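*Asks:* Let me give you the structure first, and then I'll get to my questions.
Number of protein chains: 2
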Amino acid sequence: MREHINYCSNCGSKVTFGPVPDDDRPRHHCEDCSTILYQNPNMVVGCIPIWQDKILMCKRAIEPRYGLWTLPAGFLEFGENAEDGAVRETIEEAHAEVEIKRLFSVYSLPKVGQVYLMFLAELQNLNFSAGKESLEVKLFRQKEIPWDEMAFSAVKFTLEKFCEHQFDSRPEVFLGALQPAT
Amino acid sequence: MREHINYCSNCGSKVTFGPVPDDDRPRHHCEDCSTILYQNPNMVVGCIPIWQDKILMCKRAIEPRYGLWTLPAGFLEFGENAEDGAVRETIEEAHAEVEIKRLFSVYSLPKVGQVYLMFLAELQNLNFSAGKESLEVKLFRQKEIPWDEMAFSAVKFTLEKFCEHQFDSRPEVFLGALQPAT
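As given, the protein sequences belong to chains B and F, one line each in that order. Note that our numbering numbers the first sequence so that position 122 is 122, with each residue one more than the last. Note that our numbering numbers the second sequence so that position 95 is 277, with each residue one more than the last.
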């Protein structure tokens, strides 16, 4: 979600929204110290953890979408590779160890400023359990996937493409976007 | 690059760096209004514009890496899909019209907080010219690529993978990372 920017993070003065030098779009900027306060979209990184014919999913213990099902995913941190972020989120949300195989889907949510990068991953063992952001973590066969209790459109898109294309020999990356955004 | 955060963007108070509730890592936060000031990595989106057996590249007219060659790419804006950002950057830097075919590479620069998403694209016509951030834009055959005058490691990685794998029938996405970062 776009943050409110009222004050300059550099000098603490009130910021202005409007034209800035050498740019074709208005930005929040500080007239006192000339800092431009960019609002960039964020990356959400996660994975489809596979065990035999099953997928590991997490039931959310936090808002938004408390009680709905998702794949392990969260915001990439500064200092991380995209794929390492997906591994970390899987540990945090499902206490599950995965090995990343490849990027599977890229899904943009322009209105909320997010891009999901979802990786295909192999679950390494069955020692998983709910992390503090999950009520429950569980393996689902494809026919058991809780389509009507899905937390996020990016997760639904990714699982739909997985169900349709998992046996394709060509490892395509699926590009999706939600417009208008949630 | 990680920005300096001295003041709260919400209320203008001095910020503190340290532990915050329900989080396992220290964050910049405001003790007056409880705002957490996250520092997230940014996405750079761009493309490999293909015309027959040639690739369109741009010679940079701005710092960093003034005078070196790059592929058209830049920061994704809030409100854009990833692929639309790549098209926009190609228009801005090379006044070139492209059609995106697929995602080609994802390259992380963890130390500077960037992830490149580079798409394969078809140049639609030869009506290109230098945008204001470019000194020159030019089509290169593979053997003409200026490897010793490359602006960014992500661009070099992407072009190397393109030269090695462009004729593969499997449309794999190449995952790369620079560690330590530039």
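Just so it is clear, CB atoms sit at the ideal spot from N, CA and C, and this is done for glycine as well. Bear in mind that the values here come from a model prediction, so they are computed numbers and not experimental data.
#1: According to DSSP, is G85/B part of a helix, a strand, or is it coil?
#2: Using a C-beta to C-beta distance shorter than 8 Å, which residues of chain F count as neighbours of G113/B?
#3: So V197/F packs on H211/F, CB below 8 Å; how close in whole Å?
#4: Using the C-alpha atoms, what's the distance from L291/F back to F322/F?
#5: For a test of the three-state rule: what should DSSP assign to E133/B, helix, strand or coil?
#6: Would you please state the rounded distance, in angstroms, between the beta carbons of L317/F and K241/F? I believe it to be under 8 Å.
#7: Considering A255/F, what are the terminal residues of the alpha helix (DSSP H) in which it resides?
#8: Would you call the segment 16-26 of chain B and the segment 88-106 of chain B in contact, with 3 or more CB pairs under 8 Å?
#9: Exposed or buried, F199/F, counting other C-beta atoms within 10 Å across all chains shown (16 or more means buried)?
#10: Between which two residues does the beta strand (DSSP E) carrying F152/B extend?
#11: Taking all protein chains shown into account, do 16 or more other C-beta atoms lie within 10 angstroms of the C-beta of G374/F, making it buried, or fewer, making it exposed?
#12: Tell me whether K143/B, by its Cβ, gets closer than 6 Å to a heavy atom of the ligand SAM.
#13: Compare the C-alpha of A264/F against each of L238/F, F339/F, G228/F and name the closest.
#14: Are E89/B and A73/B touching if we call contact CB-CB under 7 Å?
#15: How far does the beta strand (DSSP E) with Y298/F in it reach, from first residue to last?
#16: At least one CB of chain B closer than 7 Å to the CB of P292/F: is that the case?
#17: What does the alpha-carbon distance come out to for the pair S191/F and Q142/B?
#18: Rounded to a whole number of angstroms, what is the C-alpha to C-alpha distance between I230/F and M239/F?
#19: Just the chain F side, please: which residues come within less than 7 Å of R2/B by C-beta, in chain order?
#20: Does H4/B come out as helix, strand or coil in the three-state DSSP assignment?
#21: Can the beta-carbon of P41/B be found less than 7 Å from the beta-carbon of L258/F?
#22: Which residue or residues does DSSP assign as beta-bridge partners of P434/F?
#23: Buried or exposed: which applies to S311/F, given that a residue is buried once 16 or more other Cβ atoms fall within 10 Å of its Cβ?
#24: Does the beta carbon of I5/B come closer than 7 Å to any beta carbon on chain F?
#25: Quick one: is G194/F near chain B, going by C-beta distance under 7 Å?
#26: Consult DSSP for F162/B and reduce its assignment to one of helix, strand or coil.
#27: Could you give the first and the last residue of the continuous beta strand (DSSP E) run that contains F199/F?
#28: Using C-beta distances below 8 Å, list every residue in its chain close to V226/F, excluding the 5 sequence neighbours before and after it, in chain order.
#29: Alpha carbon to alpha carbon, how far is V87/B from V288/F?
*Replies:* By the coordinates alone:
#1: By 1-based counting over the first sequence, the position of residue 85/B is 85. G85/B: helix per DSSP, three-state reduction.
#2: As a position in the first sequence, residue 113/B is number 113, starting the count at 1. Per Cβ cutoff of 8 Å: F260, G261.
#3: Here residue 197/F is taken as the residue at index 15 of the second sequence, counted from 1. Here residue 211/F is taken as the residue at index 29 of the second sequence, counted from 1. That belief holds up - the Cβ atoms of V197/F and H211/F are roughly 6 Å apart, short of 8 Å.
#4: By one-based count along the second sequence, residue 322/F stands at place 140. By one-based count along the second sequence, residue 291/F stands at place 109. Rounded to the nearest angstrom, the two C-alpha atoms are 26 Å apart.
#5: By one-based count along the first sequence, residue 133/B stands at place 133. The answer is coil: DSSP assigns E133/B none of H, G, I, E or B.
#6: Translated into the one-based positions of the second sequence, residue 317/F becomes position 135. Translated into the one-based positions of the second sequence, residue 241/F becomes position 59. Right, their Cβ atoms sit about 4 Å apart.
#7: Residue numbering aside, residue 255/F sits at position 73 when the second sequence is read from its first letter. Counting along the chain, A255/F falls outside any alpha helix (DSSP H), though it belongs to the beta strand (DSSP E) covering 255-257.
#8: By the Cβ criterion, the segment 16-26 of chain B is not in contact with the segment 88-106 of chain B, since fewer than three pairs of Cβ atoms, one from each stretch, lie closer than 8 Å.
#9: Reading the second sequence from its first residue, position 17 is the one you call residue 199/F. Exposed: under 16 other Cβ atoms inside 10 Å.
#10: For the purposes of this step, residue 152/B is taken as the residue at position 152 of the first sequence. Per DSSP, F152/B is not a residue of any beta strand (DSSP E), being assigned neither H nor E.
#11: The displayed coordinates of chain F run from 183 to 364. Any statement about residue 374/F would go beyond what the structure contains.
#12: As for the ligand SAM, it is missing from this structure, which has no ligand bound.
#13: Working through the second sequence from its first residue, we reach residue 264/F at position 82. The shortest C-alpha separation from A264/F is found at G228/F.
#14: Locating residue 89/B in the first sequence gives position 89, where the first residue counts as 1. Locating residue 73/B in the first sequence gives position 73, where the first residue counts as 1. Closer than 7 Å, so yes.
#15: Translated into positions along the second sequence, residue 298/F becomes position 116. Residues 296-305.
#16: As a first step, residue 292/F must be located in the second sequence, where it is residue number 110. Closer than 7 Å: yes.
#17: Along the second sequence, read from residue 1 onward, the residue named residue 191/F stands at position 9. Along the first sequence, read from residue 1 onward, the residue named residue 142/B stands at position 142. Taking the straight line joining both Cα atoms gives about 45 Å.
#18: Working through the second sequence from its first residue, we reach residue 230/F at position 48. Working through the second sequence from its first residue, we reach residue 239/F at position 57. Cα to Cα, the separation comes out at about 8 Å.
#19: Here the question's residue 2/B lines up with position 2 in the first sequence. The answer, in chain order, is F260.
#20: Along the first sequence, read from residue 1 onward, the residue named residue 4/B stands at position 4. DSSP, read as helix, strand or coil, puts H4/B in coil.
#21: Translated into the one-based positions of the first sequence, residue 41/B becomes position 41. Translated into the one-based positions of the second sequence, residue 258/F becomes position 76. In this structure, L258/F lies closer than 7 Å to P41/B by Cβ.
#22: The structure shown does not extend to residue 434/F, since chain F spans only 183 to 364, so no value can be given for it.
#23: Position 129 of the second sequence, counting from 1, holds the residue named residue 311/F. Its Cβ having fewer than 16 others within 10 Å, S311/F is exposed.
#24: Indexing the first sequence from 1 puts residue 5/B at position 5. Chain F contact via Cβ: present.
#25: Along the second sequence, read from residue 1 onward, the residue named residue 194/F stands at position 12. Yes, G194/F lies at the interface with chain B (some Cβ there is under 7 Å from its Cβ).
#26: Position 162 of the first sequence, counted from the start, is the residue given in the question as residue 162/B. F162/B: helix per DSSP, three-state reduction.
#27: In the second sequence, residue 199/F corresponds to position 17, counting from 1. Unbroken beta strand (DSSP E) run through F199/F: 198-200.
#28: Position 44 of the second sequence, counted from the first residue, corresponds to residue 226/F. Cβ within range, chain order: A255, G256, F257, L258, Q296, V297, Y298, L299, A336.
#29: In the first sequence, residue 87/B corresponds to position 87, counting from 1. In the second sequence, residue 288/F corresponds to position 106, counting from 1. Rounded to the nearest angstrom, the two C-alpha atoms are 16 Å apart.
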